[in-house]
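Start counting the sequence shown at 22; every next residue gets the next number (my numbering).
Worksheet: the structure to be examined is printed underneath.
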Amino acid sequence: GGSFSFGSNYANRDSLLRDVITYIEENASGIVDIPEDAEALHGSGFWNYINIFLGPHFSIRATQNLYFDFRALGGLSIIRAPNQELTITYDDKYIYTNSNYNNVAFGWTAGGGIRYKFNENLALKLGADYVQTKAKNTYTFDLFSGVADDVPPLDSEFYIKTVELTAGLAYSF
22 GGSFSFGSNY
32 ANRDSLLRDV
42 ITYIEENASG
52 IVDIPEDAEA
62 LHGSGFWNYI
72 NIFLGPHFSI
82 RATQNLYFDF
92 RALGGLSIIR
102 APNQELTITY
112 DDKYIYTNSN
122 YNNVAFGWTA
132 GGGIRYKFNE
142 NLALKLGADY
152 VQTKAKNTYT
162 FDLFSGVADD
172 VPPLDSEFYI
182 KTVELTAGLA
192 YSF
C-alpha cells in the first residue's frame with residue numbers, strides 16, 4: 022500500500038531559544054555572556070511536511086462489516102522548516118540569526134485503524150498513525166553593535182514526531 026499525507030507542527034520555541042543561546046555562548050570566538058534578562062525576540066512558525074510512503078498494509082476481517090487495518094510504511098518526507106529569526110539585545114549589543122531551509126529526508130509511519138462497511142463500496146474509516154522524520158537545518162549568525170566575535174554556523178537536526186488521527190469515508194471500487 023501507499024500513502025500521501027500533509028502535516029504541520031509548531032516549533033517548541035522555548036527549548037530552541039535556550040539551545041541557540043547556549044550555542045552562541047559556547048562557540049563564539051571570544052567571550053559572549055548573554056544575561057538572563059536579555060531581550061530575546063524569536064519568531065518561528067510551523068514545520069510543514071509532505072510524506073509519500075510505501076509499504077505493507079494488512080487488513081483482518083473481524084465480522085461481515087468490520088475490518089482491522091495495520092500498516093508500516095516508509096519513504097520520502099519533504100520538509101519545509103519555518104522561517105526562524107532570533108534577535109538578542111543586551112548592554113547595547115545586538116545578535117541576529119536567521120534560518121530558512123527546505124529538505125528531503127527519509128520518514129516512516131506505523132499505525133492501524135478500523136473500517137466499518139456500510140455497503141459493498143462505502144465504509145467509515147478511523148485510524149491512528151505514528152509518523153517520524155528528521156529535518157536538517159543550518160543557523161547562521163550575524164553579530165553587530167558591540168559584539169566583534171564570530172560564531173560558526175550551527176548545523177542542527179530536528180526529529181519531527183507526531184501522531185496523526187484520521188476519520189473519513191473509504192470508497193472501494
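Where a beta carbon is used, it is the ideal one built from N, C-alpha and C, also for glycine.
Is DSSP giving residue 72 helix, strand or coil here?
-> The sequence position of residue 72 within the sequence shown is 51, counting from 1. Note: residue 72 maps to strand in three-state DSSP.
Neighbour-count burial assignment, residue 188, 16 or more Cβ in a 10 Å radius | Translated into positions along the sequence shown, residue 188 becomes position 167. Per the 10 Å Cβ criterion, exposed.
By DSSP, does residue 46 sit in helix, in strand, or in coil?
-> For this step, residue 46 is matched to residue 25 along the sequence shown. Helix, per DSSP.
Tell me whether residue 107 is buried or exposed, calling it buried when 16 or more other Cβ atoms sit within 10 Å of its Cβ.
-> Working through the sequence shown from its first residue, we reach residue 107 at position 86. With 16 or more other Cβ atoms within 10 Å, it is buried.
Helix, strand or coil at residue 36 [DSSP, three-state] | In the sequence shown, counting from the first residue as 1, residue 36 sits at position 15. It is helical.
Give the DSSP-derived three-state secondary structure of residue 172 in the structure shown.
-> Numbered from its first residue, the sequence shown carries residue 172 at position 151. It is coil, neither helix nor strand.
Inspect the CB distances between the stretch 116 to 126 and the stretch 79 to 89 and report whether three or more fall short of 8 Å.
-> no
Helix or strand or just coil, what does DSSP make of residue 53?
-> Within the sequence shown, residue 53 is the residue found at index 32, counting from 1. Correct three-state label for residue 53: coil.
What number of angstroms, rounded off, separates the C-alpha of residue 62 from the C-alpha of residue 161?
-> Start at 1 with the first residue of the sequence shown, and residue 62 comes out as number 41. Start at 1 with the first residue of the sequence shown, and residue 161 comes out as number 140. If I take the Cα positions, the gap works out to 16 Å.
Would you verify that the beta carbon of residue 142 is, or is not, closer than 9 Å to some beta carbon of chain D?
-> The chain inventory of the structure shown lacks chain D, comprising one protein chain alone.
Buried versus exposed call for residue 31 [16 or more other C-beta atoms within 10 Å across all chains shown] | Locating residue 31 in the sequence shown gives position 10, where the first residue counts as 1. Exposed is the call here.
List the endpoints of the continuous beta strand (DSSP E) containing residue 105.
-> Here residue 105 corresponds to residue number 84 of the sequence shown, with the count starting at 1. Residue 105 -> beta strand (DSSP E) spans 105 to 111.
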